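Number of protein chains: 2
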Amino acid sequence: MLVDTGACERNAHVCHHRRSDNGCGDCKVRPISVCSVLSLVELEQLEGLSQHLTLDKGQTLFGQDEPASAVFNVIEGCLRLTRLLPDGRRQVMGFALPGDFLGLALQERHSVSAEALGQVKTCRFGREDFAAITEAKPHLLKSLHARVRYELTLAQDQMLLLGRRTAEEKVASFLLSLRDRFARIGHNSVTVELPMGRQDMADYLGLTIETVSRMLSRLDRAHSILLVPGGVRLLDAARLERLAAS
Amino acid sequence: MLVDTGACERNAHVCHHRRSDNGCGDCKVRPISVCSVLSLVELEQLEGLSQHLTLDKGQTLFGQDEPASAVFNVIEGCLRLTRLLPDGRRQVMGFALPGDFLGLALQERHSVSAEALGQVKTCRFGREDFAAITEAKPHLLKSLHARVRYELTLAQDQMLLLGRRTAEEKVASFLLSLRDRFARIGHNSVTVELPMGRQDMADYLGLTIETVSRMLSRLDRAHSILLVPGGVRLLDAARLERLAAS
DNA sequence: CGACTTGTTGACGCCTTTCAACGTTGGTGG
DNA sequence: CCACCAACGTTGAAAGGCGTCAACAAGTCG
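So the sequences go chain by chain: A and B.
Take any residue in the first sequence, count from 1 to its spot, add 21: that is its number in this note's numbering.
Take any residue in the second sequence, count from 1 to its spot, add 21: that is its number in this note's numbering.
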């Protein structure tokens, strides 16, 4: 379980992008990322400082307690953000989707580790570079600030869920929030993709894998959802909302 | 449980402080508050925009979902930050101590309600005024940004605690973290004051009041702690650390 | 003192975990 | 093509930790 500094990027595919066809101007996630507040001129300045970085399923972008040498925009794919207890118990702090920014906390060391749940494409900025950019561009700092504040309210939602909700409420609430997140990045459907495994869901919701499986089965039997390979079809979202009791 | 806008300040003692003996220059919590990054000149500008506001035990500073019309520095006392589920279940998101800043999330509406656990003194800034100040002073924005980022890692700690720790670990961990927080604001002692009731601790840790009471009794019988009126004396902090398993 | 709030303790019950077995899927190689 | 295997998911039975219910103690305020 040891994670070296930079280990993450050893097997990853790095690409210093020049003013080519995958520059910032063509970035798929620009409108939903922190970069949305930057002008075209500013984006050109950014291009030289960023690298594209691709991870395969299971690879680690950065590890817990590892020096935070960079921050990332997620362009494509899904990552799992986890924190470990010394005895091996694991808490998934969240899942990062396209448009999300990794490294908001920007401490000396990463407080979580980030692992790819499938193929992932990211845009990497060195820590020093990024600090200099935010220093020079107050509106970017404000955008980042707004994002952390939003993350904080999400964390509070999760604290309420972990502390005061039953297993069934947790699972129902999780499916709905995932649907909403996918909707916000353009992937709008009654069928919600589940890029993470049952164990990841369990560690996110403070449950065991068996309980998650049982609750999904129960919702399926009640025709609230339909379990499909790789995801879930929400048949009765209204009932889920009632269960989630938000 | 209805909370009117401004209801908070109806019964509170408001004091527009002028360049008197309790101006920003003499502020007890300045070195540990967000204001620590401001120069004396800037503090003078601030004084006209701030009000002192005193609450008695049980009074509400602001309520959940109430429009966020102001932000606050806590000068003295302790507040409870809570979020409510429609059915009445409650999660305490945190406790605010002197030097803490309330309203960091700075959304349209407050995501939590803040209630005084004893007599509380705060320094109030109108939302518009405060937005203008941060707009004009980038270093204040950076200081606020650093604070939210820190809050976010604290929230992650709490998520790990809520999701993956046993009742005993939760209580032990809570006592230690409270000791550390008091230490950081100058109140350094083996006897940890508990300004909140058992129910508040329970709602913070995702437990019931009975379980909190039982765990405290168990730690007391094991001579790890000594229950004293209004607080706890930590007799064997090392054992607590081991229990907390951080 | 008496009513009320807050905290403690015990007995019991239930929801979730634990332990275990089985089914399913996907990749590999005979 | 299919046997084989490992990883993942599902389901059942039993156990246990924490919640629920209830009684009691302690402190507070009129």
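Backbone N, C-alpha and C fix where the C-beta goes; we use that ideal spot for every residue, glycine too.
From a predicted model like this one, the values you see are computed outputs, not experimental measurements.
In three-state DSSP terms, what is residue i?
i, result
"B:Cys144", "strand"
"B:Gln179", "helix"
"B:Glu156", "helix"
"A:Arg240", "In the sequence as displayed, the identity of residue 240 of chain A is Leu instead of Arg. Correct three-state label for A:Leu240: helix."
"B:Gln112", "strand"
"B:Gln66", "helix"
"A:His73", "strand"
"A:Gly46", "helix"
"A:Gly252", "strand"
"B:Thr187", "coil"
"B:Thr103", "strand"
"A:Glu87", "coil"
"A:Thr229", "coil"
"B:Ala258", "helix"
"B:Ile206", "coil"
"B:Ser194", "helix"
"B:Val4", "Outside the shown range of chain B, which is 22 to 267, sits residue 4 of chain B, and nothing can be said about it."
"A:Leu125", "coil"
"A:Arg263", "helix"
"B:Ser134", "strand"
"A:Leu118", "coil"
"B:Leu59", "coil"
"B:Leu247", "strand"
Run through chain B and tell me which residues come within less than 8 angstroms of residue i, C-beta to C-beta.
i, result
"A:His131", "Ordered by position in chain B, no residue passes the 8 angstroms Cβ test against A:His131, which lies about 10 angstroms from the chain."
Output the distance between the C-alpha atoms of residue i and residue j, rounded to the nearest integer angstrom.
i, j, result
"B:Met222", "A:Ser71", "46 angstroms"
"A:Tyr225", "B:Gln66", "46 angstroms"
"B:Ala258", "A:Pro52", "50 angstroms"
"A:Leu64", "B:Leu237", "56 angstroms"
"A:Ala28", "A:Arg186", "Residue confidence for A:Ala28 is low, a pLDDT of 46 falling below 50, so the modelled location carries little weight and cannot support an answer."
"A:Arg111", "A:Ser132", "13 angstroms"
"B:Ile230", "B:Gly79", "19 angstroms"
"A:Arg145", "B:Glu136", "43 angstroms"
"B:Ser90", "B:His73", "15 angstroms"
"B:Gly69", "B:Val55", "17 angstroms"
"A:Val62", "A:Asp47", "14 angstroms"
"A:Pro107", "A:Ser134", "14 angstroms"
"B:Gln179", "B:Arg235", "21 angstroms"
"B:Leu240", "B:Asp201", "19 angstroms"
"A:Cys45", "A:Ser267", "38 angstroms"
"B:Met217", "B:Thr81", "15 angstroms"
"A:Pro159", "A:Gln220", "41 angstroms"
"A:Ser194", "A:Ala265", "5 angstroms"
"B:Arg254", "B:Asn94", "29 angstroms"
"A:Leu247", "A:Thr232", "17 angstroms"
"B:Asn209", "B:Leu199", "11 angstroms"
"B:Leu196", "A:Ala153", "39 angstroms"
"A:Pro250", "A:Thr143", "26 angstroms"
Counting only Cβ pairs nearer than 9 angstroms, list the residues of chain B close to residue i.
i, result
"A:Ala6", "Look at the range of chain A in this structure, 22 to 267, and you will see that residue 6 of chain A is not part of it."
Taking residue i and residue j to be in contact with their CB atoms under 8 angstroms, please state how far apart those CB atoms are, rounded to whole angstroms.
i, j, result
"A:Phe122", "A:Val141", "Not really, about 14 angstroms apart at Cβ, beyond 8 angstroms."
"B:Leu228", "B:Ser245", "The pair is not a contact, with the Cβ atoms about 18 angstroms apart (cut-off 8 angstroms)."
"B:Arg104", "B:Phe116", "The Cβ separation is near 14 angstroms, so there is no contact."
"B:Cys99", "B:Leu118", "6 angstroms"
"A:Val213", "A:Gly252", "6 angstroms"
"B:Leu161", "B:Val58", "6 angstroms"
"A:Arg170", "A:Leu125", "So it is not a contact: roughly 10 angstroms between Cβ atoms."
"A:Glu87", "A:Arg148", "Between A:Arg148 and A:Glu87 the Cβ distance is about 12 angstroms, and since that is not below 8 angstroms, they are no contact."
"A:Gln177", "B:Met114", "5 angstroms"
"A:Ile206", "A:Gly139", "With a Cβ gap of about 15 angstroms, A:Ile206 and A:Gly139 do not count as contacting."
"B:Gly109", "A:Leu183", "Contact doesn't hold; Cβ gap of about 18 angstroms is too wide."
"B:Glu156", "A:Leu173", "About 21 angstroms; that fails the 8 angstroms criterion."
List the residues of chain B that residue i touches, going by C-beta distances under 7 angstroms, in chain order.
i, result
"A:Gly227", "Leu183, Gly184, Arg185"
Could you list the residues in the stretch 154-173 of chain A with a C-beta less than 9 angstroms from some C-beta on chain B, going in chain order? Thr155, Glu156, Pro159, Leu162, Lys163, Leu165, His166, Ala167, Val169, Arg170, Tyr171, Glu172, Leu173
Just by C-beta distance, which residues in the stretch 106-136 of chain A are closer than 8 angstroms to chain B? Leu106, Pro107, Asp108, Arg110, Arg111, Gln112, Met114, Leu125, Ala126, Leu127, Gln128, Ser132, Val133
Of all the residues that make up the stretch 82-94 of chain A, which are near chain B by a beta-carbon distance shorter than 8 angstroms? none
Going along the chain, which residues of the stretch 174-187 of chain B sit with their C-beta nearer than 7 angstroms to a C-beta in chain A? Thr174, Ala176, Gln177, Gln179, Met180, Leu181, Leu183, Gly184, Arg185
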